[in-house]
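Undergrad: Questions regarding the structure given below will be posed in turn.
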Amino acid sequence: MSSTVPNQPITANFLSHLQTDRLTRAKAPQLLETLIPLIIPFPSLTTKQLSKLFRKVKKLKQPVWSQLALHELTYLGWNDGGNQKKYLVIPDHDRLIGIQGDLAPQTVKGVCAICQTIGNVALFMSTTKSSGLGPYTRNGNYICRDSNQCNRQLTNPQALADFLAVVRPKR
Numbered sequence: 058m059s060s061t062v063p064n065q066p067i068t069a070n071f072l073s074h075l076q077t078d079r080l081t082r083a084k085a086p087q088l089l090e091t092l093i094p095l096i097i098p099f100p101s102l103t104t105k106q107l108s109k110l111f112r113k114v115k116k117l118k119q120p121v122w123s124q125l126a127l128h129e130l131t132y133l134g135w136n137d138g139g140n141q142k143k144y145l146v147i148p149d150h151d152r153l154i155g156i157q158g159d160l161a162p163q164t165v166k167g168v169c170a171i172c173q174t175i176g177n178v179a180l181f182m183s184t185t186k187s188s189g190l191g192p193y194t195r196n197g198n199y200i201c202r203d204s205n206q207c208n209r210q211l212t213n214p215q216a217l218a219d220f221l222a223v224v225r226p227k228r
């Protein structure tokens, strides 16, 4: 065993318990929890950092950080029900970007553009400007109303990248 891999005991323990003939449905979640120390959590942002991502928002409603399991998040999303807004913080090429959009009040059963599963979705629409002098355009898609649930169901990060390309086209 090489000493250059600091987390090798965790992975070795995981692999030694990963015997399909002895692994039960009840034991599988417990076994997966042993891998949590290897997960890089979503960064916890300060109020100032979050405000920089949403410069045009005057009164930004902050997410409740104490209720978030950062090691379970691929992206950060929260709703401002009073204004019918949804805020998303998404990793994009080694940096975080903030997307603000209108979230339709109607919830329907449908396929989420981010996690690609069927659930309670609402239309998310963001306003973008393609160039400095060009007109504003509204782009969007149906996404899960509950971002935490969406994160738990997200298995393909490419779907998140595809959604990002729709709501925030490259300039």
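Quick note on my numbering: the sequence shown kicks off at 58 and runs consecutively.
Where a beta carbon is used, it is the ideal one built from N, C-alpha and C, also for glycine.
At what residue ranges does the region 150-187 contain a whole run of the beta strand (DSSP E), taking only runs of 3 or more?
TA: Within the region 150-187, the complete beta strand (DSSP E) runs of at least 3 residues are 153-160, 165-168 and 175-186.
Undergrad: If you drop the 5 nearest sequence neighbours on each side, which residues of the same chain put their C-beta closer than 8 angstroms to that of Gln215?
TA: Closer than 8 angstroms at Cβ, skipping near neighbours: no residue.
Undergrad: Given that a residue counts as buried once 16 or more other Cβ atoms are within 10 Å of its Cβ, and exposed if not, what is Tyr132?
TA: Buried, since its Cβ has 16 or more Cβ neighbours within 10 Å.
Undergrad: Restricting to Cα atoms, I'd like to know which of Leu160, Gln173 and Arg202 is closest to Asn196.
TA: Closest by alpha carbon: Leu160.
Undergrad: One question on the structure: do Leu88 and Leu75 come within less than 8 angstroms of each other, judged by their Cβ atoms?
TA: Their beta carbons are under 8 angstroms apart, which means Leu88 touches Leu75 by this criterion.
Undergrad: If I measure Cβ to Cβ from Asn177 and keep anything under 6 angstroms in the same chain, skipping five residues before and after, which residues do I get?
TA: Around Asn177: Thr164 and Arg202.
Undergrad: From what residue to what residue does the alpha helix (DSSP H) around Thr104 run?
TA: Counting along the chain, the alpha helix (DSSP H) containing Thr104 begins and ends at Thr104 to Leu110.
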